[in-house]
Amino acid sequence: MSGEGADQGDKFVDMVSAKVKVDLRLSDYEPRTQLKLVAHEIRQPRFPVIDFHCHLDAQSPQTVLGVMDACGVERIVNITMRTGQAAIESIDRFHGAAPDRFSTIGWMDWSGIERSDFTQLSLDRLQRLVERGVSGIKFWKDLGLTVRDAGGALLRIDDERLAPIFDKAAELDIPVMFHTADPDAFFTPIDQYNERYEELAAHPDWSFYGLPVTKAALLEQRDRVIARHPRTTFVGAHLAGSSEDLCRVANLLERHPNLYVDISARTAELGRQPYTAREFFIRFADRILFGTDLVPEVAMYRLHYRFLETADEYFEYPSHASRQGRWNIYGLFLPADVLEKLYRGNALKLLRANSR
Ligand SMILES: [Zn+2]
């Protein structure tokens, strides 16, 4: 090259190779899409909805019923986060207000774990909860991560001392819900590569990076329990903890006919992989439960219906105040028979098992 061209560079090459460091603060960056798209508001779901994953302890039954009536929610399963007498009060408050609109899943009570008769104590507690009307028992992510036994050792999810509880659930005909681990991003450093950086910056205590237990190890412990108790029905909350890897969830569902999963708090993940997600929902239509894990609000439910029923593109996912990541979602336009099972049919199978 010689002459003018070499001195001035090439306009096209300059254009395609231009890079710049910007110092706009991430918190101040609020891009607005210029896409002109069709947007549908789905005011009522195609079929009545059972929300299988909600936490209502702080809510008033009457207020929640108002929301449910406004947007076609037939029943909410309240996963009480209380234990002991406080749990009983929560159960009575909701079942007393509208027994045909509320069900309850109990919360595993770790108090007394230092006692030598803790397993029997837990069996008695479970029996009492079921007599009071609960439709399931939930083991939260603290199991495997922070719950410690009398000797101070981390209690593994597949610890044999817990096995009688899972068998008892089968005997009582109630499902065991596991919320195990958390999004993959919570197990990686909170740095510029973390896809949920802003959320974790707001809640650094949600990060499990650097703990001695890996996410893979936690999921393996839980999977072993599901395999060891084929007569017990399990619900893997939040897509069994693997919404970033629906292949893993599919394998798990294939291997274990006693497993269901709920979709709560994972529309952000599902809606950014709409082709994979749609195929997954259709393939496992009999095993997926609708759930939200958010404060019941009309707009929140309608956003879920839009996601599941329409082919709308690139819209905000339902979320709590600190959003999960900087992306938008795409509707799955699920077929009617799949929607019916997801919204209602599969939940009824689990709730009917013990006729509640
Ligand atoms: Zn939850």
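For the record, in the sequence shown the residue sitting at position 126 is 116 according to my numbering, with numbers rising by one throughout.
From the three backbone atoms N, C-alpha and C, an ideal C-beta is built for every residue, glycine too.
Beta-carbon spacing of residue i, residue j below 7 Å
i: Ile66; j: Asp41; result: yes
i: Ala160; j: Thr222; result: yes
i: Tyr187; j: Pro264; result: no
i: His246; j: Ile216; result: yes
i: Arg36; j: Leu279; result: no
i: Ile32; j: Tyr295; result: yes
i: Ala171; j: Gly231; result: yes
Residue closest to residue i, alpha-carbon to alpha-carbon, out of the options
i: Asp163; options: Thr300, Ser101, Asn248; result: Asn248
i: Arg122; options: Asp139, Thr94, Ala140; result: Thr94
i: Trp317; options: Gly261, Asp327, Leu293; result: Gly261
i: Met167; options: Lys131, Leu16, Glu79; result: Lys131
i: Val268; options: Leu322, Leu243, Arg256, Ser254; result: The sequence shown places Arg at residue 268, rather than the Val named in the question. Taking only the C-alpha atoms, the option nearest Arg268 is Leu322.
i: Thr300; options: Gln24, Ala29, Pro173; result: Ala29
i: Ile78; options: Arg146, Glu64, Gln117, Val251; result: Gln117
i: Ala258; options: Gln182, Arg214, Phe274, Ser312; result: Ser312
i: Glu210; options: Pro179, Asp149, Pro89, Ala275; result: Asp149
i: His85; options: Thr70, Gly74, Asp99; result: Thr70
Alpha carbon of residue i to alpha carbon of residue j, nearest angstrom
i: Lys9; j: Val3; result: 12 Å
i: Arg277; j: Phe156; result: 20 Å
i: Val225; j: Lys26; result: 39 Å
i: Glu20; j: Tyr304; result: 15 Å
i: Phe129; j: Trp97; result: 7 Å
i: Ser233; j: Asn336; result: 19 Å
i: Trp196; j: Leu284; result: 17 Å
i: Arg346; j: Ser125; result: Its pLDDT being 48, under 50, Arg346 is placed unreliably by the model, and the measurement read from it follows with that caveat. Taking the straight line joining both Cα atoms gives about 7 Å.
i: Asp107; j: Arg151; result: 10 Å
i: Ser(-8); j: Gly(-1); result: In this predicted model, Ser(-8) has a pLDDT of only 49, less than 50, meaning its place in the structure is not dependable enough to derive any value.
i: Ala60; j: Gly200; result: 45 Å
i: Glu189; j: Ser17; result: 11 Å
i: Arg334; j: Ser101; result: 34 Å
i: Leu338; j: Lys331; result: 9 Å
i: Glu287; j: Ala140; result: 42 Å
i: Asn68; j: Ile127; result: 11 Å
N-terminal and C-terminal residue of the beta strand (DSSP E) that residue i is part of
i: Val137; result: Premise fails: Val137 is in no beta strand (DSSP E) and is neither H nor E.
i: Asn68; result: 63 to 69
i: Lys331; result: It is not in any beta strand (DSSP E) - Lys331 carries neither H nor E in the DSSP assignment.
i: Gly226; result: 224 to 226
Terminal residues of the alpha helix (DSSP H) in which residue i lies
i: Met167; result: First-last for Met167: 166 to 168, but that is the beta strand (DSSP E), not the alpha helix (DSSP H).
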